[in-house]
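Participant:
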Amino acid sequence: MNKPFDFSPACPAPVACQEVVELGHGGGGRLTHRLIDEIFRPAFASGPDDFTHDGAMLDLGGEGARLAFTTDSYVVQPLFFPGGDIGSLAVNGTVNDLAMCGAEPLCLSVALVIEEGLPIDDLHRIVESMRGAAASAGVRIVTGDTKVVERGRGDGLYVNTSGVGRIRARAAVRPQSVMCGDVVIVSGDVGRHGIAVMAVREGLGFESEIASDCAPLAQPVLSLIEAGVDTHCLRDLTRGGLATALIEIAETADAGIELDEAAIPVSDAVRGACEILGLDPFYVANEGRFVAFVPAAQAETALACLRRFDEGAALIGRVDGRARTRGVRLNTIGGARELDMLSGEQ
Amino acid sequence: MCLAVPGRLLDIDGDDALARQGRVAFGGIVKQANLAYVPEARPGDYVLVHAGFAIAVIDEREAARTLDFLATAGGSLEAGS
Amino acid sequence: MKHIDEWRSSTLACRYAQAVAQITTRPWSIMEICGGQTHSIVRYGIDRMLPSGVTLLHGPGCPVCVTPAGVIDAAIAMASRPGITFCSYGDMVRVPGERGSLLSASAHGADLRIVYSPLDALAIARKEPERNVVFLAIGFETTAPATAMAVLQAKREGIVNFFLLVSHVLVPPAIDAILSDPESRVQGFLAAGHVCTITGYAAYEVIARRHHVPIVVTGFEPVDLLQGVYLCIRQLESGSAMVENQYSRVVPREGNRGAQEAVAKVFVVQSQQWRGMGEIPASGLGLAPAYAQYDALARFGGRAIPPEHSGVCISAELLRGRKRPAQCPAFGTRCTPEHPLGATMVSSEGVCAAYYRYRRSEPTPADDKAGAAV
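Protein chains in written order, with the working numbering: chain A, 1044 to 1389; chain B, 155 to 235; chain C, 475 to 848.
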């Protein structure tokens, strides 16, 4: 019998003190929310519902005067990736945020912060791409601004787009409108954009090309509204992925959401990439995908509308009636487990 | 960190003992892996990849046998004893 | 995906769970030592599919978790020096040392690059000859061959700006240490399939005989784990204590010879500190004299790695399988993934991180609160 080793239990207990902004604060997870809750909301919000959805919904009074207003900045690297570039991403991202308010996008502003040394050809390509994306989405770019910063201070190009749209949904489209028994529908397979971007950065190849899912969502959303579907809540999936969007909605709506892991569509290439990179596809960034919360009775209608745009649209879960199950639970092999917000980036 | 993922070896590049590489397909995505530790691997084989290296070739027959273990070796259990 | 999906079959998993229930007549405690297995068990709820008498204990299977805090501190010091490009696996960058993590160092200006392979770090050294590139080489026996190959390539090409901060650990001495502890409740082991892919399992046969404990070499998908548990319990019920190989589609008894040779060439076995467990003789790897030029600690370190000291984190008890995260007073309150007090909460394969992510909001089972799991 060996003599036992002398164990000295050990673990230092440092306290993580965040006195500087970290990359994780931009990841869309817990740290980002902490920044919003502790710094932005106290300074800017005028009511508890402010800053809880993709855009602001403004009632300017008078007939047809409900407007949606939103803004977004784009700092993506690389500037060009399979399926798009920072320009098309920016236009579609803002168009989509307006669509998530149940609004018909009308016009955009574009502000560019350009790093000295960016090739003019690249700028041309990106601006052309924005023109094309705006035309496809049926919006006009009506105003803008340009700044140039010194070499080394700008990552090539930063883009900010702001947008205005006319609200077409009958009732307010937001988490607070979610009801028990609503079903959760996703407009297509998840995780493409994050993987497409990472693939370029990490030198991954593809057996068949995996395009990013960067695309405008206004038409699918308007088709739902025109078909009479009560879109209680819409949320486009961006950084933080499907899981983060649903967790945010569950928290704001104080609701319990149940998902079926087997029903969530994930393409083979995204699955493979996630396996080798150690990522969870439910938390990978998307562009051009959204979730819709609609009454169960309208599920078939809603799916039919969305499948005209993307065959991959699928019913992935439902809003649970019991109050004590607030949050998002995923049905998997050994039962159900709670989905948690990631703290920073994945 | 324990992450080792199975993928299909598509092709092999070079025969240098230390730097031999191949493209491996993981469900549709393709990544290079160093093949120095699997000299017996051939295109079409499934390999296990960890930290940029293929560390084993998967034995298809053993895989099938193990998967069927309950049905074959554990036959009496299936009958609900 | 082939060789993954079939091992995640819900139907097959349930059948194995039933088979386990049918052969189990007494309570048993089985330990696994593999971060990937811990993660899989908690994520898929494998432990909850087993009869209540079967307890799965999580051992020190996450190399991120057992890397000594002193190594993290040395890494941060190096990363913070101008002229050094510090490369690390993603999992390591949020692990806390005494004063912050690699990630916080990078927020303060350190040149930190996340890599998936030691070859990526070597590629950076080739591309940026004016930088000194240091790679944090951690991992079990599964990963040591990858580190070894990077060193062999560097030597062959005469690359002089590539260095390693080495903290590789070996599993069998840890198993031996755990089983030699008189308070140990472990009755059976699931050996990490990927470690055995490299080392083979002859060393485990010695341990099985010495301590009369069954050891099953196991993969880490749900069906693998349930099969592994089934085989282990089958032995326990019949009083046998041998090594069985559930992961036979990948693991040969002799392991991977080429990988073993590369490791034997580049490294020597030495004593090693395990965070939360103290020093275990002959349980780590250091660079062999012929490759001493690549030792980052010798070149940039200055001081030896100091011994561990205790704090509020109970990783020690967790890593030895004597307690569960829920029994830690700081779990989920003062210690969360955003404010981790110990490595087991930071690493994605750490036991606390797994429980926090997948089980936090559930009511704690009575046996978790009552004391040691068995």
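The C-beta atom is built at its ideal place from N, Cα and C for all residues, glycine as well.
Under the assumption that C/L699 contacts C/I520 (Cβ atoms under 8 Å), give the Cβ distance between them as a whole number of angstroms.
Facilitator: Between C/I520 and C/L699 the Cβ distance is about 5 Å, and since that is below 8 Å, they are a contact.
Participant: So, does the CB of B/I183 fall closer than 7 Å to a CB anywhere in chain A?
Facilitator: Yes, B/I183 lies at the interface with chain A (some Cβ there is under 7 Å from its Cβ).
Participant: In this structure, does DSSP put C/Q746 in helix, strand or coil?
Facilitator: Three-state DSSP puts C/Q746 in a strand.
Participant: Measure the alpha-carbon distance for A/R1213 versus C/V669 and round it to whole angstroms.
Facilitator: The alpha-carbon atoms of A/R1213 and C/V669 are separated by roughly 60 Å.
Participant: State the DSSP-derived secondary structure class of B/F180, mapped to helix, strand or coil.
Facilitator: B/F180 falls in the strand class under three-state DSSP.
Participant: Going by DSSP, what residues sit across from A/D1363 in a beta bridge?
Facilitator: Paired residues: A/G1299.
Participant: Specify the secondary structure class of A/I1307 as computed by DSSP and reduced to three states.
Facilitator: Three-state DSSP puts A/I1307 in coil, outside helix and strand.
Participant: Nearest-angstrom Cα distance between A/V1233 and B/D222?
Facilitator: Cα to Cα, the separation comes out at about 33 Å.
Participant: Identify which residue in B/A208, B/A218, B/Y191 has its Cα closest to the Cα of B/L163.
Facilitator: Minimum Cα distance to B/L163 is reached at B/A208.
Participant: Could you work out which residues of chain A lie near C/H475, taking near to mean beta carbons separated by less than 9 Å?
Facilitator: Correcting the residue type first, residue 475 of chain C is Met in the shown sequence and not His. Per Cβ cutoff of 9 Å: D1311, R1314, G1315, E1318.
Participant: Is there at least one Cβ from chain B nearer than 7 Å to C/A828's Cβ?
Facilitator: No, C/A828 does not count as interfacial toward chain B.
Participant: Quick check on the DSSP output: the beta strand (DSSP E) that includes C/L626 runs from which residue to which?
Facilitator: Where C/L626 is concerned, there is no enclosing beta strand (DSSP E), although the alpha helix (DSSP H) it sits in stretches over 618-631.
Participant: If we define contact as Cβ-Cβ less than 7 Å, is B/G198 a contact residue for chain C?
Facilitator: No, its Cβ sits nowhere closer than 7 Å to a Cβ of chain C.
Participant: The stretch 1361-1377 of chain A: which residues have C-beta closer than 8 Å to a C-beta of chain C, in chain order?
Facilitator: Correct list: G1370, T1375, I1376, G1377.
Participant: May I ask you to verify whether the stretch 1188-1202 of chain A touches the stretch 1320-1331 of chain A, counting CB pairs closer than 8 Å and requiring at least 3?
Facilitator: Counting Cβ pairs under 8 Å, fewer than three are found: no touch.
Participant: What is the DSSP secondary structure of C/H513, counted as helix, strand or coil?
Facilitator: If DSSP states are grouped into helix, strand and coil, C/H513 belongs with the helices.
Participant: Please say whether A/L1382 and A/L1373 have beta carbons closer to each other than 7 Å?
Facilitator: The answer is yes: Cβ separation under 7 Å.
Participant: Which residues share a DSSP beta bridge with C/H642?
Facilitator: DSSP lists C/G613, C/L759 as partners of C/H642.
Participant: For C/H582, which residues in chain A fall below 9 Å Cβ to Cβ?
Facilitator: Going along chain A in sequence order, the residues near C/H582 (Cβ under 9 Å) are V1063.
Participant: Which residue comes first and which comes last in the alpha helix (DSSP H) that contains C/V825?
Facilitator: Per DSSP, C/V825 belongs to the alpha helix (DSSP H) from 825-833.
Participant: By a C-beta neighbour count over all protein chains shown, 10 Å radius and 16 as the cutoff for buried, is C/S714 buried or exposed?
Facilitator: Classification of C/S714: exposed, given that the 10 Å Cβ count is below 16.
Participant: Helix, strand or coil: how does DSSP classify A/C1348 here?
Facilitator: A/C1348: helix per DSSP, three-state reduction.
Participant: Does any C-beta atom of chain B lie closer than 7 Å to the C-beta of C/Q746?
Facilitator: Cβ-Cβ to chain B under 7 Å: no for C/Q746.
Participant: Three or more C-beta pairs closer than 8 Å, one from the stretch 1173-1181 of chain A and one from the stretch 1282-1294 of chain A: is that the case here?
Facilitator: As far as the Cβ criterion goes, the stretch 1173-1181 of chain A does not touch the stretch 1282-1294 of chain A, which means the pair count is below three.
Participant: Residues of the stretch 658-673 of chain C in Cβ contact with chain B at a cutoff of 9 Å, in chain order, please.
Facilitator: Residues passing the 9 Å Cβ filter: A666, G667, H668, V669, T671, I672.
Participant: Please identify, using Cβ separations under 8 Å, the residues of the stretch 1322-1338 of chain A that lie next to chain B, in order along the chain.
Facilitator: Of all residues in the stretch 1322-1338 of chain A, none has a Cβ within less than 8 Å of some Cβ in chain B.
Participant: Any beta carbon from chain B within less than 7 Å of C/Y832's own beta carbon?
Facilitator: So, not an interface residue.
Participant: Are the C-beta atoms of A/R1351 and some chain C residue less than 7 Å apart?
Facilitator: No, no contact with chain C.
Participant: Against chain C, with Cβ distances strictly below 7 Å, would B/A239 count as a contact?
Facilitator: Since the displayed chain B opens at 155 and closes at 235, residue 239 of chain B lies outside it and no answer follows.
Participant: Counting beta carbon pairs with one atom in the stretch 512-526 of chain C and one in the stretch 624-639 of chain C, are three or more of them shorter than 8 Å?
Facilitator: Judged by Cβ distances under 8 Å, the stretch 624-639 of chain C makes no contact with the stretch 512-526 of chain C, as fewer than three pairs qualify.
Participant: May I ask you to report which of helix, strand or coil DSSP gives A/T1287?
Facilitator: Note: A/T1287 maps to helix in three-state DSSP.
Participant: At least one CB of chain B closer than 7 Å to the CB of C/V645: is that the case?
Facilitator: It does not: the Cβ of C/V645 has no partner Cβ on chain B nearer than 7 Å.
Participant: Could you list the residues in the stretch 211-227 of chain B with a C-beta less than 7 Å from some C-beta on chain C, going in chain order?
Facilitator: Of all residues in the stretch 211-227 of chain B, I212, D213, E216, A217, T220, L221, F223, L224 have a Cβ within less than 7 Å of some Cβ in chain C.
Participant: Below 6 Å, is the gap between the Cβ of A/G1160 and the nearest heavy atom of the ligand SAM?
Facilitator: Among the ligands in the structure shown, none appear at all, so the ligand SAM cannot be discussed.
Participant: Would a check of beta-carbon distances place C/P537 closer than 7 Å to chain A?
Facilitator: Not closer than 7 Å to any Cβ of chain A, the Cβ of C/P537 fails to qualify, so no.
Participant: Does the CB of A/D1383 have a neighbour CB from chain C at under 7 Å?
Facilitator: Judged by the 7 Å Cβ criterion, A/D1383 is in contact with chain C.
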